[in-house]
Amino acid sequence: MVRASITMEMTKEELLYELNQKELQIEQLTRELASYRNFFHGRKIAVSAEVAPSTEGESNCLEHQKDRRTFDIIESALLANEFLCQLEQFQIDEMINAMQPMMFGPEQWIIRQGEFGSKLYVLEDGKVQVTKDSQFLRVMEAPCVFGELAILYHCERTASIKTLCNCRVWALERRIFHAVMVNTAKSKHDELVTLMTKSKMQKMFTEEQIDELADSAKDEEWVFRAEVDQCQLEGKLFLVVAGQIEK
Numbered sequence: 001m002v003r004a005s006i007t008m009e010m011t012k013e014e015l016l017y018e019l020n021q022k023e024l025q026i027e028q029l030t031r032e033l034a035s036y037r038n039f040f041h042g043r044k045i046a047v048s049a050e051v052a053p054s055t056e057g058e059s060n061c062l063e064h065q066k067d068r069r070t071f072d073i074i075e076s077a078l079l080a081n082e083f084l085c086q087l088e089q090f091q092i093d094e095m096i097n098a099m100q101p102m103m104f105g106p107e108q109w110i111i112r113q114g115e116f117g118s119k120l121y122v123l124e125d126g127k128v129q130v131t132k133d134s135q136f137l138r139v140m141e142a143p144c145v146f147g148e149l150a151i152l153y154h155c156e157r158t159a160s161i162k163t164l165c166n167c168r169v170w171a172l173e174r175r176i177f178h179a180v181m182v183n184t185a186k187s188k189h190d191e192l193v194t195l196m197t198k199s200k201m202q203k204m205f206t207e208e209q210i211d212e213l214a215d216s217a218k219d220e221e222w223v224f225r226a227e228v229d230q231c232q233l234e235g236k237l238f239l240v241v242a243g244q245i246e247k
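Quick note: the sequence shown, position 5, residue 5 per UniProt numbering, numbers continuous.
Take a look at the structure:
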């Protein structure tokens, strides 16, 4: 959960506990994100008992229209989240496209502690209150993210979220998130394999090696006229996907 102001009602010990729990949660979510990146190495995506849809493009057919302002608000909230900001931009874009709108009036529950959830939420407009074990924790204002654990695990909600005014929320289902992650990973992998087989790398590596290289490749962006130090290039193999370079 982001952009949340901690009230003075929390003691120092409670605040330290909350921060420690948040750090553990981020570590856990980061490990699960790594499992998606290893998808094409034959490892299982151990994120829930549900099976992600395997039909390519399924996430695309579930797109919900958003204007530029709404898209930017949702994006800013996702990028401010310690876990979700680690996703690649094209994955974030697909997530935003698949999110569906929800409207809540004042004093309505969006999340109840103890219930099993399957949605991640982004608050576009409004203000919500967070409670845990019936104790007030904080107030969060838009834009912010909450419920992110639910898109990875079939687990109980750890806190309750209640609206304080009219709120506009965007929701993403776990199964759609899984579909986005798998489909975008496969799309990126296939794109890299195609580029590699059309380059000099085809003569340097076997098909299996190219497949493994595509899995482990990481994106790097260099701005126009950027000078890259030789030490940054040592021990690395680069494939120019877009643009031109001059030696």
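From the three backbone atoms N, C-alpha and C, an ideal C-beta is built for every residue, glycine too.
In this text, all values refer to a predicted model and were calculated from it rather than measured experimentally.
Task: Range covered by the beta strand (DSSP E) that runs through R138 - done: Walking along the sequence shown from the start, residue 138 turns up at place 138. Segment 135–141, the beta strand (DSSP E) holding R138.
Task: Counterpart residues of M201 in DSSP-defined beta bridges - done: Working through the sequence shown from its first residue, we reach residue 201 at position 201. DSSP, once it has assigned bridges, lists no residue as partnering M201.
Task: Simplified DSSP state of C85, which is helix, strand or coil - done: Taking the sequence shown and counting its residues from 1, one reaches residue 85 at position 85. DSSP places C85 in helix when its eight states are reduced to three.
Open item on the list: Measuring alpha carbon to alpha carbon, tell me which residue in E191, S199, K127 is nearest A214.
Closed with: Looking up residue 214 in the sequence shown gives position 214. Ranking E191, S199, K127 by Cα distance to A214 puts E191 first.
- [ ] Using only alpha-carbon positions, find the residue among L87, M99, F205 that is nearest to Y121.
- [x] Residue mapping note: residue 121 aligns to position 121 of the sequence shown, counting from 1. Considering only alpha carbons, the answer is M99.
Task: DSSP three-state assignment for L120, whether helix, strand or coil - done: For the purposes of this step, residue 120 is identified with residue 120 of the sequence shown, where counting begins at 1. DSSP places L120 in strand when its eight states are reduced to three.
- [ ] Could you tell me whether the stretch 158–171 touches the stretch 101–110, using the rule of 3 or more Cβ pairs below 8 Å?
- [x] yes
Open item on the list: Counting C-beta neighbours from all protein chains within 10 Å, is the total for H178 16 or more, i.e. buried, or is it exposed?
Closed with: In the sequence shown, counting from the first residue as 1, residue 178 sits at position 178. Looking at its Cβ environment, which holds 16 or more other Cβ atoms inside 10 Å, H178 is buried.
TODO: Have a look at T184 and I176 and give me their C-alpha separation to the nearest angstrom.
DONE: Taking the sequence shown and counting its residues from 1, the one referred to as residue 184 is at position 184. Taking the sequence shown and counting its residues from 1, the one referred to as residue 176 is at position 176. Looking at the two C-alpha atoms, the distance is approximately 12 Å.
Task: Proximity winner among A142, A226, E173, relative to R148 (alpha-carbon distances) - done: Residue 148 sits at position 148 when you count from the first residue of the sequence shown. Residue identity check: residue 148 is Glu in the sequence provided, not Arg. The residue with the shortest Cα to Cα distance from E148 is E173.
- [ ] Determine, using beta-carbon pairs with one atom in the stretch 142–157 and one in the stretch 118–133, whether at least three such pairs fall under 8 Å.
- [x] yes
TODO: Would you list, in sequence order, the uninterrupted alpha helix (DSSP H) runs of no fewer than 4 residues that lie entirely inside the stretch 163–233?
DONE: 174–197, 201–204, 207–216
Task: Nearest-angstrom Cα separation, counted from D133 out to E221 - done: Within the sequence shown, the letter at position 221 stands for residue 221. Within the sequence shown, the letter at position 133 stands for residue 133. The alpha-carbon atoms of E221 and D133 are separated by roughly 46 Å.
Task: I245, buried or exposed, once every other Cβ within 10 Å from all chains shown has been counted against 16 - done: Stepping through the sequence shown from its first residue, residue 245 is reached at position 245. So I245 counts as exposed.
Task: Spatially closest choice to H64 from I210, W170, A142, L84, by CA coordinates - done: Counting from one through the sequence shown, the residue named residue 64 turns up at place 64. Per the Cα distances, W170.
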